[in-house]
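Data block below; observations after.
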Amino acid sequence: MAEKKPPEPSPAGGESVGSNASPPTASDQHVQHLDRTELVARAGAFLATPHIRSQDSDSKRTFLAEKGLTSDEIDLLLRELPPLVPPRAYPPLPPSNLPNLLIGIARIFTWLTGTSAIILFVYHRYLLPRLTESYRARHVLRAHQSALLSRLTDSIAALKVDQAQCYKDLPRQTASYEDPQYADCHTLNEFLARTQKSGGGQHTEDLPCVTILRCAVEELTHTREDADGISTEEIFHHLESKLPWLTGEEGAIHQNELWKQLRTCPSFTSSPPKQTPADSLPPDHPSRLLWKYVPPPTPSPPAVLTSLTSLQTSLPHTPKSLGTTSKSSPLTTATLSPAQRTLQVLSDFTGYITTQTYSFGISSLRGPNGSAENPLEDELRREIRALKGLVLNRRSFFPPARPSSEPSRVSQS
Numbered sequence: 002m003a004e005k006k007p008p009e010p011s012p013a014g015g016e017s018v019g020s021n022a023s024p025p026t027a028s029d030q031h032v033q034h035l036d037r038t039e040l041v042a043r044a045g046a047f048l049a050t051p052h053i054r055s056q057d058s059d060s061k062r063t064f065l066a067e068k069g070l071t072s073d074e075i076d077l078l079l080r081e082l083p084p085l086v087p088p089r090a091y092p093p094l095p096p097s098n099l100p101n102l103l104i105g106i107a108r109i110f111t112w113l114t115g116t117s118a119i120i121l122f123v124y125h126r127y128l129l130p131r132l133t134e135s136y137r138a139r140h141v142l143r144a145h146q147s148a149l150l151s152r153l154t155d156s157i158a159a160l161k162v163d164q165a166q167c168y169k170d171l172p173r174q175t176a177s178y179e180d181p182q183y184a185d186c187h188t189l190n191e192f193l194a195r196t197q198k199s200g201g202g203q204h205t206e207d208l209p210c211v212t213i214l215r216c217a218v219e220e221l222t223h224t225r226e227d228a229d230g231i232s233t234e235e236i237f238h239h240l241e242s243k244l245p246w247l248t249g250e251e252g253a254i255h256q257n258e259l260w261k262q263l264r265t266c267p268s269f270t271s272s273p274p275k276q277t278p279a280d281s282l283p284p285d286h287p288s289r290l291l292w293k294y295v296p297p298p299t300p301s302p303p304a305v306l307t308s309l310t311s312l313q314t315s316l317p318h319t320p321k322s323l324g325t326t327s328k329s330s331p332l333t334t335a336t337l338s339p340a341q342r343t344l345q346v347l348s349d350f351t352g353y354i355t356t357q358t359y360s361f362g363i364s365s366l367r368g369p370n371g372s373a374e375n376p377l378e379d380e381l382r383r384e385i386r387a388l389k390g391l392v393l394n395r396r397s398f399f400p401p402a403r404p405s406s407e408p409s410r411v412s413q414s
């Protein structure tokens, strides 16, 4: 809205310009004074605005004069305005460091790229060929070792097959799980007497567990012939009654060893007992298992051993032609080892064959002058002599005699 302009005072001191105007009254003067005061206040507020304070004084005077203010009021308002604060002068900004930073980064990347290129060149030129050669050499060596191991494995497998084929006719050793010196003991009393006689004590840890268990099972089996077996509890009760050292803490350790041997030895077989309503434990409980002792079967002699035995029985032991030789031998049959006895028998056999084959008179083939009548006879005679020498020479068929330690082994056996 446009502001109302108050009537301008006359230059003569407040009188109206027109001759027809009437003089103002007191109330009119009071209203005009209030309007002028409000107008001056509004003009002061207008001049105090920031965007007006920055204008020049002439523009302000012209504008205020157009609004109806007098020059005195305009001067008063301009004097009452606070002085303008000059803007703070800041120093100029320093130049940007971004180009130098980018140049430094570029130099760093350049150095890194050059160093990497040099390192890669040295690696590919000098190090990589050597590493490749070393790797190939190790690979070839590993392949060679693998080939050798494969050949060794194949050779061992072929050797095992050949040994199985070659040794199938040889006698097999009887599977024995106890000392032969206790084989004829069938009760614990006999076993304890044998151990005391041989110098062992009842508290020693070297007593064979298999023999102890076998004697206990056989002794209980003889007392109960109609039983299907001996239970585990009965076996250990019987052992504790016969062997007092099985009680106590150390005895518990020995009992564990006996139980382990009872379970693992193939000569002892177990079977569950018959279940009855009064039994509180299951049949497969370890304390209720019934045990029996089954001796290992004796293997049948192979065909080669049977043939050699029959051959030995068919050969004469003391040939008449070699009776003096056998009597003059310093070694008797009792002191010879099996290998020496076989060697002696074969030697006697070859000597007997030669005496029975070439005992005809050679002098009948000769003439009266002592010379052969036919060169074929001389050739035949030389061949017979050579064959006889080869047959009688023991070294052609058997290895040399063993050292002096052999008689001691024979005596120990």
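Numbered per this note's numbering, the sequence shown spans residues 2 to 414. Ideal Cβ positions, reconstructed from N, Cα and C, are used throughout, including at glycine.
Any non-hydrogen atom of the ligand FAD within 7 Å of residue i CB
i    : result
L113 : Absence of the ligand FAD is noted for the structure shown, with no ligands found whatsoever.
Collapsed DSSP secondary structure at residue i in the structure displayed
i    : result
S199 : coil
L240 : helix
S271 : strand
K169 : coil
L94  : coil
L290 : coil
S156 : helix
S232 : strand
L82  : coil
T307 : helix
C210 : helix
K161 : helix
E251 : helix
Q56  : coil
N101 : helix
G69  : coil
C266 : coil
S338 : coil
V295 : coil
C186 : coil
Same chain, Cβ closer than 6 Å to residue i, five either side skipped, listed in chain order
i    : result
I231 : V218, L221, W292
L381 : none
G249 : none
L263 : L214, F269
Cβ-Cβ distance between residue i and residue j below 8 Å
i    : j    : result
Y294 : R195 : no
T212 : C186 : yes
L189 : T233 : no
E258 : C210 : yes
F269 : Q256 : no
8 Å Cβ shell around residue i - same chain, five flanking residues per side excluded
i    : result
L78  : V41, A44, G45, L48, L65, L70
F192 : Y183, C186, T212, I213, C216
I53  : F47, K61
Own chain, CB closer than 7 Å to residue i, minus 5 neighbours either side, in chain order
i    : result
E81  : G45
L132 : none
Y91  : none
L99  : none
For residue j and residue i, believed in contact at Cβ under 8 Å, the rounded distance
i    : j    : result
S272 : D229 : 7 Å
**Prompt:** When the Cβ atoms of the segment 47-63 are set against those of the segment 72-87, are three or more pairs found closer than 8 Å?
**Reply:** Touching, per the Cβ criterion.
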